Amino acid sequence: MRLLSDTNHRTKGLLFISHFSSHEKPAPPHTHEEWMRRAITEAGKAQAREEVPIGCVIVRNNKIIARGHNLRESNQDPTGHAELIAIRKAARKLGSWRLLDTVLYVTLEPCTMCMGAIILARIPTVVFGCYDPKGGAAGSLYDFSNDPRLNHCVELLPRVLESECSNLLSTFFTELRRRKQKERTP
Ligand SMILES: [Zn+2]
217 MRLLSDTNHR
227 TKGLLFISHF
237 SSHEKPAPPH
247 THEEWMRRAI
257 TEAGKAQARE
267 EVPIGCVIVR
277 NNKIIARGHN
287 LRESNQDPTG
297 HAELIAIRKA
307 ARKLGSWRLL
317 DTVLYVTLEP
327 CTMCMGAIIL
337 ARIPTVVFGC
347 YDPKGGAAGS
357 LYDFSNDPRL
367 NHCVELLPRV
377 LESECSNLLS
387 TFFTELRRRK
397 QKERTP
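Counted from 1, the sequence shown has number 329 at position 113 by this note's numbering; the numbering is strictly sequential.
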């Protein structure tokens with residue numbers, strides 16, 4: 217009996233040690249800038265496919281649960297926005313359409329469709345890089361984040377790594393214009 221209890225004790229000790237082994241320690245919290253960098257990496261994937269560089273990540277419990285980048289041209293899909301792609305993946309992963317306790321990071325202010333999806337998914341917080349004066353629905357053209365007629369409010373954190381996110385877009389469009397001009401010139 218004594219031997220058994222000793223073994224139990226040792227096993228418990230081992231379990232205790234393994235529970236606190238380095239790979240099981242909770243990762244330190246990341247900053248909004250760090251998560252936005254991951255969204256920028258996603259935007260780079262869109263750019264590599266000659267898509268407008270917009271990227272998105274959805275974070276829950278300090279982990280990325282879904283990524284998305286703009287695929288409108290590749291898929292010829294008007295709804296192929298980075299946010300919508302990431303929202304669908306996140307819902308599949310969580311097995312729930314309610315994306316509670318999540319933060320959505322996107323390089324550009326969400327449009328009307330994406331803000332609609334964000335509200336439907338009950339995403340509590342949206343962090344974005346730069347404003348989109350031509351199509352933004354989180355303060356530019358519209359503000360869907362805090363409309364008392366809707367049943368969900370979204371906390372907004374704009375302008376995180378703003379210049380990097382907007383430079384990505386302006387460089388892309390400058391290059392696109394240059395290329396088109398070249399094609400037109402005989
Ligand atoms: Zn959108």
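Glycine is no exception: its CB is placed at the ideal position from the N, C-alpha and C atoms.
Please read these numbers as outputs of a predicted model, since none were measured by experiment.
Rounded distance between the beta-carbons of residue j and residue i, thought under 8 Å
i: Ser356; j: Tyr347; result: 5 Å
i: Glu299; j: Cys330; result: 4 Å
i: Gly352; j: Cys381; result: Not confirmed; about 13 Å, so no contact.
i: Ala259; j: Leu384; result: 6 Å
i: Glu325; j: Ala354; result: 5 Å
Exposure label - residue i; buried when at least 16 CB within 10 Å
i: Gln292; result: exposed
i: Ala264; result: exposed
i: Leu316; result: exposed
i: Ser234; result: Summary for Ser234: the model assigns pLDDT 42, below 50, so the residue's position carries little reliability, and this model does not support an answer.
i: Thr247; result: exposed
i: Leu373; result: exposed
Residue i to residue j span [Cα, whole Å]
i: Leu320; j: Glu267; result: 21 Å
i: Ile339; j: Arg394; result: 39 Å
i: Ala307; j: Lys279; result: 15 Å
i: Thr318; j: Arg400; result: 46 Å
i: Phe344; j: Ile270; result: 11 Å
i: Asp359; j: Lys350; result: 13 Å
i: Thr387; j: Glu378; result: 14 Å
i: Arg254; j: Asn286; result: 14 Å
i: Pro245; j: Arg276; result: 11 Å
i: Lys398; j: Lys305; result: 39 Å
i: Val322; j: Thr295; result: 16 Å
i: Ser290; j: Met252; result: 24 Å
i: Thr257; j: Phe389; result: 18 Å
i: Gly311; j: Lys396; result: 44 Å
i: Asn224; j: Leu366; result: Annotation note: pLDDT 42 at Asn224 (below 50); position unreliable, no value reported.
Pair within 8 Å by beta-carbon distance, residue i and residue j
i: Trp313; j: Ala333; result: no
i: Arg283; j: Val273; result: yes
i: Glu249; j: Val342; result: no
i: Lys261; j: Ile281; result: no
i: His368; j: Ile335; result: yes
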